[in-house]
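Novice: Here it is: the structure, laid out below.
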Amino acid sequence: MRDEQSLKKTPLHLIHVAGGARMVEFGGWDMPVQYPDGILSEVRSVRSNAGMFDVSHMARFQFVGPEAVAFLDRMLAADVAGLRQGRARYHVICNEQGGIIDDAIVYRVTEDQCLLVANAGNADAVKEFLIPAAQQNGGVFFADLSDDVAMIAVQGPNAVEIVDRLCPLPASSVRPFRLRRGEVAGIPSRIARTGYTGEDGFEIMPPADRATDLWRALEAEGVVPAGLGARDVLRLEAGLMLHGNDMMVENNPYEAGLERFTYIETPGYIAGEALKAIRDAGTPRVITGFRMVGRGIPRHGLAVINDGKEVG
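At position 155 of the sequence shown the residue is numbered 143 (this note's numbering), and the sequence of numbers has no breaks.
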C-alpha cells in the first residue's frame, strides 16, 4: 500500500490527479503512470503527434564559479571543457572504481555555470558523490534547483511545431542537445532540445510556480499528457537504458555499451585510471537488448537461454 504522505510531489501533482491519472511511487515521488486513455494511446500520441511528460522529479543541480568546469571534468566523464556555451552532453557518472552511479546530461549554460540533470532515483547518490568534493573547492558553488524549477518534456514529430507556436524565440532555432533561455506561453524558461523517447522535442524548465500554466497552455495546443508507463515503452523502443533497471552501479560503461559517452582521457578524471584498466583488460560480459517477436514479456530474474544453455 502506498504511503502518499511520505512521497514527494511535483508542482504538477494536482493537475495529474484532476486529470484522472493513476498515481504510483517512483523513486520516492508520487508520479502519474498513465492517464484514463491508457498507456498505448499515450504512446501512439507521442509517435504520431506530441505528448508531454512531467519530469520534474528528475534532479537539477547547478554548479557555478571559476572552477566549476574544471571540477566537473574531474568528477564526470563528460569533457565539459569541450562544450561550447549553450550545448549539452549525455554521459555516465562513474565512481572511482568505474561503476556507473547514474547516466545524466550536463549543460554548459555559460562559461562558468553548468546544469546537471540526473535521474530521480539516483539523485541522492549523485549528490553524495559530487557535493563533498565541491565543498572542498572554493571556486565551485552548488545549488539544488529541483524544487524551484519544474521540467516538462514535450516529445513527438509535431512537438517542435507546437512549441514554436508558443515561443517567440523560436523554439525551432534550438538545435539538438542545445539549451537556450526563452519564453514559452509567456513563461520564462530554459528550453533544451533533449528527450528520452526517440522522438524530437524539448525538455522545458519553467519556474515551479508557473508549471501548471505551461502544462495547460501545451494541452490547449493539443499536446497529450502521458505518464511513466508510456515513457518506459517509448525509451525501450528507442533502445535507451534506464539506470537501476537495465544497468546498475556494479556495471561499468564497457559492459553497458556506453563507452562512446565516456570521456576517460580528461586529465585528472577521477575514474580515468580504473576505466582504462577495464578497457585494456576486456569485458567478459555485456548488457544487450532483445527484440521480442512474440507476445511474451521478459520479467526481471528470468534466465536467458541460448541453444539450451543459460547465458545470462
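C-beta: ideal position from N, C-alpha, C; glycine also.
Quick caveat: nothing in here was measured; it's all calculated off a predicted structure.
How many angstroms separate the CA atom of residue 34 from the CA atom of residue 269?
Specialist: 42 Å
Novice: Pick out whichever of 124, 119, 143 and 126 has its Cα sitting closest to the Cα of residue 132.
Specialist: 119
Novice: Quick check on DSSP: helix, strand or coil for residue 120?
Specialist: helix
Novice: The beta strand (DSSP E) with residue 51 in it runs from where to where?
Specialist: 47 to 52
Novice: Less than 8 Å between the C-beta atoms of residue 189 and residue 142, yes or no?
Specialist: yes
Novice: Residue 20 lies in the beta strand (DSSP E); which residues open and close that run?
Specialist: 17 to 22
Novice: State the Cα-Cα distance for the pair residue 101 and residue 230, rounded to the nearest angstrom.
Specialist: 27 Å
Novice: Which residues in the same chain have their Cβ closer than 8 Å to the Cβ of residue 291, if we skip the five residues on either side of it in sequence?
Specialist: Result list for residue 291: 298 and 300, in chain order.
Novice: Could you tell me the distance, in whole angstroms, from the CA atom of residue 287 to the CA atom of residue 82?
Specialist: Cα-Cα distance, rounded: 27 Å.
Novice: Residue ranges of each alpha helix (DSSP H) run of no fewer than 4 residues wholly in the stretch 35 to 110, ordered along the chain?
Specialist: 56 to 63
Novice: Taking only three categories from DSSP, how would you classify residue 248?
Specialist: The answer is helix: DSSP assigns residue 248 an H, G or I state.
Novice: For a quick check, are the C-beta atoms of residue 94 and residue 77 less than 8 Å apart?
Specialist: yes
Novice: Among residues of its own chain, excluding the 5 on either side of residue 59, which ones have a beta-carbon nearer than 6 Å to its beta-carbon?
Specialist: 125 and 128
Novice: Out of 219, 153, 61 and 236, which has the shortest C-alpha to C-alpha gap to residue 259?
Specialist: Considering only alpha carbons, the answer is 61.
Novice: Which one or two residues does DSSP pair with residue 130 in a beta bridge?
Specialist: 51
Novice: If we count the other Cβ atoms within 10 Å of its Cβ and call it buried at 16 or more, is residue 178 buried or exposed?
Specialist: buried
Novice: So residue 219 is in the alpha helix (DSSP H); what residue range does that whole segment cover?
Specialist: 216 to 225
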